[in-house]
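Comments concern the structure below.
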Amino acid sequence: MYSAAAAAASPPRRDFISITLSPEDAVGAGGYNNSKAWRRRSCWRKWKQLSRLQRSVILFLFAFLAVCGVISYTSMGEPWKSVTNKSLDDQRTEPEIPGLKLANPAVLPAPQKADANLGNYPELSPQKPPKPPHVRRGPSNLQIKPSRRDVRLKTRHDSSRVVEEVVQADKEEKTEKSVISWRGAVIEPDQSTEPPSIKIKEPEKPSSVEAEDQKEPVPINERQMAVIEAFRHAWKGYKDFAWGHDELKPLSKSYSEWFGLGLTLIDALDTMWILGLKEEFEEARKWVANNLVFDKNVDVNLFESTIRILGGLLSTYHLSGDSLFLEKAKDIGNRLMPAFKTPSKIPYSDVNIGRGTAHPPRWTSDSTVAEVTSIQLEFRELSRLTGDEKFQKAVDEVMKHVHTLSGKNDGLVPMFINTNSGQFTHLGVYTLGARADSYYEYLLKQWIQGGKKENELLEDYMRAIEGVKKHLLQRSQPKKLTFVGELAHGHFSAKMDHLVCFLPGTLALGAHNGLTADHMKLAEALIETCYQMYAQVETGLSPEIVHFNLHAQKGHKDVEIKPADRHNLLRPETVESLFYMYRFTGDKKYQDWGWEILQNFNKYTRVPTGGYTSINNVQNPSNPEPRDKMESFFLGETLKYMFLLFSDDVDLINLDKYVFNTEAHPLPIWAPA
């Protein structure tokens with residue numbers, strides 16, 4: 002045991018070999034001499050001495066660095082390349098060559114001297130102050146940024162313009178082969194008569210139709226400034242004495258209620274936007290946001306609430322882009338839908354917007370034809386914006402039903418229709434005045450709104466105008482004024498409502514959209530008559546109804562006025578048609594006629610403390626007998642059309658992009674799908 006332990010404790014034996022080399026031998030044998038070959042062999046020995054794991058890690062790091070280098074070079078190369086190209090382009094830029102004309106040069110109007118009379122209104126700002134393109138008119142704080150979807154659609158539209166231009170010639174050639182003429186109207190027989198927007202399933206954004214092709218702003222002129230002053234005077238009376246109520250009573254400095262929904266304020270919203278009255282618009286918007294509530298136990302007239310409230314909210318939404326107005330429009334639109342719950346689908350005239358019930362007038366089960374066929378523009382647009390087809394489906398069923406009815410006389414329709422049977426009543430009486438007027442207007446405007454594809458509407462419109470020519474047109478004596486009378490059971494009456502003065506503008510609009518040139522000739526004759534309904538009256542203001550002399554009588558004018566008809570309600574129809582006529586012809590006489598009418602409104606209907614009043618007697622300049630009521634359409638229609646009439650800016654509500662409802666609220670024309 003001892004010997005084993007001793008052996009274990011003894012140190013291990015080591016053997017050594019000693020070799021001695023001389024310096025000459027070492028060098029000659031290839032020892033260290035600081036040469037490149039020696040260094041390479043030394044590095045290789047060190048590399049081989051590393052473990053396999055170490056060598057793998059080093060190789061991975063080198064590969065990773067190489068990849069990073071390639072990526073960095075690629076990302077940095079493009080900016081350097083663009084900078085280099087830009088500098089080269091700058092160097093190549095040549096000075097402008099005299100006489101060289103660009104394809105689309107920017108045109109700036111020559112500086113204009115300020116109108117001498119504008120000094121009377123120092124607080125008013127220009128109609129369209131210089132600003133960057135694609136900026137909407139109106140209060141800047143109401144601008145809404147476009148959604149990503151809108152930006153994508155805009156980009157797609159811009160990028161497709163070149164393609165559209167290339168194929169345009171081919172499209173025109175195909176169109177020439179496919180269209181046919183129906184009494185001078187252009188009709189495409191292969192177009193579907195289904196309403197274009199009924200297929201829309203998602204909400205639409207504001208049209209912004211005026212954003213493209215923006216031209217230099219046109220300064221406000223003296224006459225437009227006078228309209229702005231008139232509006233502000235009317236608005237002052239409403240704000241001071243009737244704020245938030247339906248209509249102003251300017252003489253008694255109070256108000257009257259119809260629906261209790263602020264009709265005047267809502268009717269005037271888009272007028273304020275168009276006139277550029279930012280402060281007034283903002284005040285009205287706050288009232289809409291905080292005080293306009295439709296959950297009320299109140300009966301409203303379907304037609305009046307549609308054209309004034311729904312139409313006004315939709316129009317203001319499109320002009321301002323403010324979604325508040327669309328939300329309010331959806332609310333009132335849904336509350337009006339119970340009116341269509343009738344056996345015939347012809348809507349009742351009255352709706353309780355709080356209870357969700359509807360009913361006809363107490364004295365009859367009839368509705369007027371104009372009322373049930375003049376709500377389509379608004380409900381169709383509401384469907385397009387919301388994606389809910391129920392609104393358009395309801396009003397389209399009405400038009401399709403009326404299209405098939407008997408009882409018409411060469412396209413002319415009776416004034417009443419029964420909500421139970423769906424048939425015309427009071428047959429044999431035909432007029433373009435009250436209870437039938439806007440039926441004819443909306444036939445054309447629906448066709449325009451929908452992109453000129455619904456041929457049934459156009460056919461009904463063209464037949465109706467032929468019926469007017471055949472049965473209702475006559476000439477007066479002594480000036481041979483062309484007028485539109487009425488037909489009652491085969492008997493012609495030389496009675497013409499002021500309401501009929503919508504017709505010249507509608508005819509001109511149709512002619513502008515490709516219908517027969519005869520319509521424009523008739524429009525020119527009729528607008529002369531409508532002007533004479535003012536010019537031949539002592540106050541220069543038209544009565545509600547006139548009768549024309551068919552036979553020359555010594556000492557008699559063309560126009561005769563009965564005592565019951567000599568009131569003036571500040572109506573817009575003549576000014577409306579003057580606007581269309583001037584926009585399409587450029588004839589300054591239409592502006593001059595409108596200026597005369599505005600001056601007479603100021604002379605005989607203006608109330609010093611604020612507001613304007615309708616009058617009872619247009620034949621008595623010394624005492625026109627004011628009625629103490631300012632209708633909401635005076636701000637919503639009359640002054641709006643006045644302002645547009647006096648403007649030389651065709652892009653101020655461009656009639657190739659907008660169509661007005663019968664309360665002068667512009668709605669966009671639908672772009673082709």
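The numbers in the sequence shown follow my numbering, run straight up by one, and end at 674. Ideal Cβ positions, reconstructed from N, Cα and C, are used throughout, including at glycine.
As a beta-bridge residue in DSSP terms, residue 561 pairs with 548. Straight-line measurement puts the Cα of residue 429 at about 5 Å from the Cα of residue 490.
Here residue 620 is exposed, its C-beta having fewer than 16 other C-beta atoms within 10 Å.
For the pair residue 354 and residue 299, the CB atoms are nearer than the 9 Å cut-off.
In the DSSP assignment, residue 497 falls outside any alpha helix (DSSP H) and within the unbroken beta strand (DSSP E) covering 496 to 498.
Judged by DSSP in its simplified three-state form, residue 376 adopts coil rather than helix or strand. A direct Cα-to-Cα measurement between residue 221 and residue 256 gives close to 33 Å. In the same chain as residue 398, and ignoring 5 residues on each side of it, the C-beta atoms closer than 7 Å to its own belong to 346, in chain order. Going by DSSP, residue 651 is part of no beta strand (DSSP E) at all; its letter is neither H nor E. Non-local beta-carbon contacts of residue 273 in its own chain, meaning distances under 7 Å to residues more than five positions away in sequence, involve 281, 282 and 285 in chain order. Collapsing the DSSP output to three states places residue 405 in a helix. Under DSSP, the beta-bridge partners assigned to residue 485 are 474. The alpha-carbon of residue 562 is positioned some 30 Å away from that of residue 588.
With a 10 Å radius around the Cβ and a threshold of 16 neighbouring Cβ atoms, residue 45 comes out exposed.
Straight through space, the alpha carbons of residue 544 and residue 590 are spaced by roughly 22 Å.
Within the same chain, 414, 415, 424, 425 and 428 come within 8 Å of residue 408 by CB-CB distance, once the 5 residues on both sides are set aside. With a contact defined as Cβ atoms closer than 8 Å, residue 473 and residue 433 qualify at about 7 Å.
If you draw a 10 Å sphere on the C-beta of residue 217, you find fewer than 16 other C-beta atoms in it, and that means exposed. At a Cβ-Cβ threshold of 9 Å, residue 236 and residue 278 count as neighbours.
By the C-beta density criterion, residue 609 is exposed, having fewer than 16 other C-beta atoms within 10 angstroms.
Distance check between residue 541 and each of 555, 522, 605 and 505 places 605 closest, using alpha-carbon atoms only. Here residue 367 really is in contact with residue 418; their C-beta atoms are around 7 Å apart, less than 8 Å. Beyond the five residues adjoining it in sequence on each side, residue 341 comes within less than 6 Å, by CB distance, of 348 and 395 in the same chain, given in chain order. Our two residues, residue 64 and residue 73, have alpha carbons roughly 14 Å apart in a direct line. One thing to note: residue 520 has its Cβ within 9 Å of the Cβ of residue 511. Separation of residue 448 and residue 671 (C-alpha to C-alpha, rounded to the nearest whole angstrom) is 10 Å. Sorting 351, 239 and 529 by C-alpha distance to the C-alpha of residue 247 places 239 at the top. DSSP places residue 601 inside the alpha helix (DSSP H), whose first and last residues are 589 to 605. For residue 265, the enclosing alpha helix (DSSP H) starts and ends at 264 to 276. Looking only at 436, 455, 411 and 513, the smallest Cα-Cα distance to residue 467 is reached by 411. The Cβ-Cβ distance between residue 649 and residue 219 falls below 9 Å. Secondary structure at residue 426: strand, using DSSP grouped into helix, strand and coil.
Comparing alpha-carbon positions, the option among 436, 554, 365 and 656 lying closest to residue 577 turns out to be 656. Beta-bridge analysis with DSSP links residue 250 to 255.
Per DSSP, residue 367 is one residue of the beta strand (DSSP E) stretching across 367 to 369.
The region 626 to 646 and the region 567 to 575 touch, with three or more beta-carbon pairs separated by less than 8 Å.
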